[in-house]
Amino acid sequence: MAGSFTRMIGGRNGAVLLASLGAGTMATGFLMSDNPLAAEVRTKLYPPSSDFPDLRKHNNCMAKALTPAIYGRLRDKITPNNWTLDQCIQTGVDNPGHPFIKTVGCVAGDEESYEVFSELFDPIIKDRHNGYDPTTMTHPTDLDASKITNGVFDDKYVLSSRVRTGRSIRGLSLPPACSRAERREVERVVVMALAGLKGDLAGRYYGLQDLTDKEQQQLIDDHFLFDKPVSPLLTCAFMARDWPDARGIWHNNEKTFLIWVNEEDHTRVISMEKGGNMKRVFERFCRGLKQVEQLIQERGWEFMWNERLGYILTCPSNLGTGLRAGVHVRLPNLSRDTRFSKILDNLRLQKRGTGGVDTAATGDTFDISNNDRLGKSEVELVQMLVDGVNYLIECEKKMEKGQDIKVPSPVTQYRK
Amino acid sequence: MPFGNTHNNFKLNYKVEDEFPDLSKHNNHMAKVLTKEMYGKIRDRQTPSGYTLDDVIQTGVDNPGHPFIMTVGCVAGDEESYEVFKDLLDPIISDRHGGYKPTDKHVTDLNFENLKGGDDLDPAYVLSSRVRTGRSIKGFTLPPHNSRGERRGIEKLSVEALTSLDGEFKGKYYPLKSMTDAEQDQLINDHFLFDKPVSPLLTCAGMARDWPDGRGIMHNDNKTFLVWVNEEDHLRVISMQQGGNMREVFKRFCVGLQKIEEIFKKHGHGFMWNEHLGYILTCPSNLGTGLRGGVHVKLPKLSVHAKFDEILSRLRLQKRGTGGVDTASVGGVFDISNADRLGSSEVAQVQLVVDGVKLMVEMEKKLEKGEAIDSMIPAQK
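Written out as structure tokens, the structure reads:
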């Protein structure tokens, strides 16, 4: 009898029927232990239209791109790791956004998310990356730091230089989706590779779970320690699960090369130093990245990368190079000029406060970095930053002497 | 999470020790009970709607707890969670609910006539009286797990049921997402409005997803009966008023609940209930009656008496500040309510509050006169 009962009714509908018949919880569970029927019944009982999120008060890239038709086609798909569309967009549903700041509103759970849900991700990528069309364009990768020219800034103006990016380990799910075992695997793979770095890159790993008070204080003083995410943009995307399990920080003894493990991406790679030698910072960055890549390849691993999207990271905003190259620079005269924002726009640069994204500038010192991530190579972006910062410093010097400045013409978008 | 059996089969490719959470710094019920062996035994299970062990425990993994406050550290995603994961949940329930055994039966008694007294608590001391509980609607998964479609289904059914009430229960439903500023201010002033959960105990369990979609508040015109829809449970039902007439509060509570239940049953969606666990709610701590009956009462002298906590313990009552759980008392006014939820009925639990508060007010009066209260200290209830 149990057999025919199960075939007749399955899934949620079955639960309702059984429940109203007075069947106890145990019987219900026993009769419904199989799932294949459940999915079908669920779709009938809850068609995509019943689940479509209310995005009328939302202002993020996902809300702009997601239509009921797209949702209807993608809702019941899954990636090979069982990641769904609803999981990709949860952060954008939960964070309607700000009238002035346009957040992305979705994340990838694995490399395949960008393929399985391309109908949603492609228009978001195009919107966020100034028209870059993943269906027709290819992304160039170039980590040859020797090509950078004029990459040493005047120390009188530039207080520090920094380049960061992220890298994901192919075959393991990304921070929104990964299980504890996967996250620990990422940590194992990366830490083992980093242990092979030598010379000026030799360093040490600090697992967040096992930090001593002394180590913690030192990392805070060095401005290296990252904290459990509190931003709802990240927590609603499931990235803070199981904190601080398998999270940590690696840095070289000279404190100029730093890697975060399992924060918002598998790894975040940072090269930095005081002063204006961006060329050296970028050189170390490229060298370090190549060596780490070699070390993981020796063990049969590789980074997530493809021709269409470049380096694959959790947030679509970081696709391509994932690169933010920037300086802390003093611009007391220029920053007061009404043309400052326009100049930055045309140079394809952005300003932030010296506390990072969404902080206010203190005094006359700004964090100036590249806007773009996808569609231009690392070398191109760093050169644009270098040229741009040199231009800003020229303006500042001119204004010190009472001379006037010019707004530069806009830099070109994409290579032909 | 509402996303079916996400990732679970994929995770089974990894060894138990690689997936088992690090609970070495944890202090909650789940961490006390979950061993690697148990995790290995039940991690491949799922409920019919796809809720898994990792879903159940995520909130407890993410919130290690406090050395003094013992949180539960797990939630149910649907009615079947309590069955499919009974290896984990039965010992937690036993620990949390005073040794309640898997074979024990829970008695439900919502017959307000069975309450003795309760209409004569001295209003000079008892400032307000309140009874709350939760209800889950059969056929839907619970707040940690439900999809937008389900949550809206719950809201629709609830609105139909609640807006069809009449007499003293006649009222209006305010959906959170279309509230006007004026309505919002009024609800805040009435202390009715519930906010998006910020407690990581709730957010890590997935209960704040899609806020404020499908959430709302219904209250009657008299502002003495209030229902929250889709906050931490499908429904939270509250009866309250100024003064000490707990009997009237409890009567309204029972009558209101019964009326609502009838309407849900007519639509083929009664409340989740069984004879072992009583009313099924999201958090195992609210099983049984899910009832918290309490008063705001002035006890400035008694509350600083050396035996205050022992008296409360013997009376099976607990104290909170007047801001609710985890707040401090202001001006000697305490929130006193029943400590138990599972293993005794609604009538029995409210009776303990009524009798216990009456006794404590007598004690307060005695202390005001400078007399001793040692002879009044009760035996363990």
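If you read the protein sequences in the order shown, they are chains A and B. Going by UniProt numbering, the first residue of the first sequence is number 1, and it counts up by one from there. Going by UniProt numbering, the first residue of the second sequence is number 1, and it counts up by one from there. No residue lacks a Cβ here, since even glycine has one placed at the ideal position from N, Cα and C. Keep in mind the model is a prediction, meaning the values are calculated, not measured.
Between the stretch 179-199 of chain B and the stretch 267-274 of chain B there are fewer than three inter-stretch CB-CB distances shorter than 8 Å, so the stretches are not counted as touching. With fewer than 16 neighbouring CB atoms inside 10 Å of its own CB, residue 403 of chain A falls in the exposed class. Residues of the stretch 209-221 of chain B that bring their beta carbon within less than 7 Å of a beta carbon in chain A comprise 209, 210, 211 and 213, in sequence order. The DSSP-derived three-state label of residue 298 of chain B is strand. Taking one beta carbon from each stretch, the stretch 213-227 of chain B and the stretch 97-106 of chain B have fewer than 3 pairs nearer than 8 Å; the two do not touch. Within chain A, the residues whose beta carbon sits less than 8 Å from that of residue 19 of chain B are 179, 180 and 181, listed in sequence order. Scanning B:162, B:331 and B:49 for the CA closest to the CA of residue 257 of chain B turns up B:162. Residue 264 of chain A is positioned such that its CB atom lies closer than 8 Å to that of residue 234 of chain A. The residue from A:162, A:108 and A:146 with its alpha-carbon nearest to that of residue 324 of chain A is A:162. A Cβ-Cβ contact shorter than 8 Å links residue 157 of chain B with residue 267 of chain B. Listed along chain B, the residues sitting closer than 7 Å to residue 93 of chain A by beta-carbon distance are 210. Residue pairing for residue 318 of chain B: DSSP places it in a beta bridge opposite B:337. By the Cβ test, the stretch 299-313 of chain B is not in contact with the stretch 276-289 of chain B, since fewer than three Cβ pairs between them sit closer than 8 Å. In this structure, residue 16 of chain B places its C-beta atom within 8 Å of the C-beta atom of residue 39 of chain B. Straight-line spacing of the CA atoms in residue 237 of chain B and residue 130 of chain B works out to 11 Å. For residue 273 of chain A, there is no enclosing alpha helix (DSSP H); the enclosing beta strand (DSSP E) has its first and last residue at 267-274. In terms of Cβ geometry, residue 92 of chain A and residue 72 of chain A do not form a close pair [threshold 8 Å]. Runs of the alpha helix (DSSP H) lying entirely within the UniProt domain "Phosphagen kinase N-terminal" (11-98) of chain B, each at least 4 residues long, are 16-19, 29-33, 36-42, 53-62, 81-84 and 86-96 in chain order. Contact annotation: residue 316 of chain A and residue 262 of chain A have beta-carbon atoms that are not nearer than 8 Å. Below the 8 Å Cβ cutoff, chain A contributes 46 as neighbours of residue 150 of chain B, in chain order.
Residue 172 of chain B sits in a strand when the DSSP states are folded into three classes.
Taking the C-beta atoms as reference points, residue 393 of chain A is found nearer than 8 Å to residue 154 of chain A. Contact of residue 61 of chain B with chain A by beta-carbon distance below 7 Å involves 242. With a threshold of 8 Å between beta carbons, residue 53 of chain A makes contact with chain B. Inter-segment contact for the stretch 338-357 of chain A and the stretch 139-151 of chain A is absent: fewer than three beta-carbon pairs are separated by less than 8 Å. Taking every protein chain shown into account, the CB of residue 216 of chain A has fewer than 16 other CB atoms within 10 angstroms, so this residue is exposed.
The beta-carbon of residue 85 of chain B is placed no less than 8 Å from the nearest beta-carbon of chain A. Taking the Cα of residue 298 of chain B as reference, the smallest distance to any Cα among B:194, B:263, B:125 and B:189 is reached at B:125.
The C-beta of residue 51 of chain B comes no closer than 8 Å to any C-beta of chain A. Taken in chain order, the members of the stretch 208-232 of chain A whose beta-carbon sits within less than 9 Å of a beta-carbon on chain B are 209 and 232. Beyond the five residues adjoining it in sequence on each side, residue 277 of chain A comes within less than 7 Å, by CB distance, of 152 and 161 in the same chain, given in chain order. Residue 128 of chain B places its beta carbon less than 8 Å from that of residue 242 of chain B. When 7 Å is used as the limit between beta carbons, residue 147 of chain B is near these residues of chain A: 46 and 51, in chain order. Cβ contact annotation for residue 78 of chain A (same chain, cutoff 6 Å, sequence separation greater than five): 84, in chain order. The beta strand (DSSP E) runs lying completely inside the stretch 169-218 of chain A and spanning 3 residues or more are 203-207, given in chain order. Annotation: Cβ neighbours of residue 184 of chain A in chain B (cutoff 7 Å, chain order): 18.
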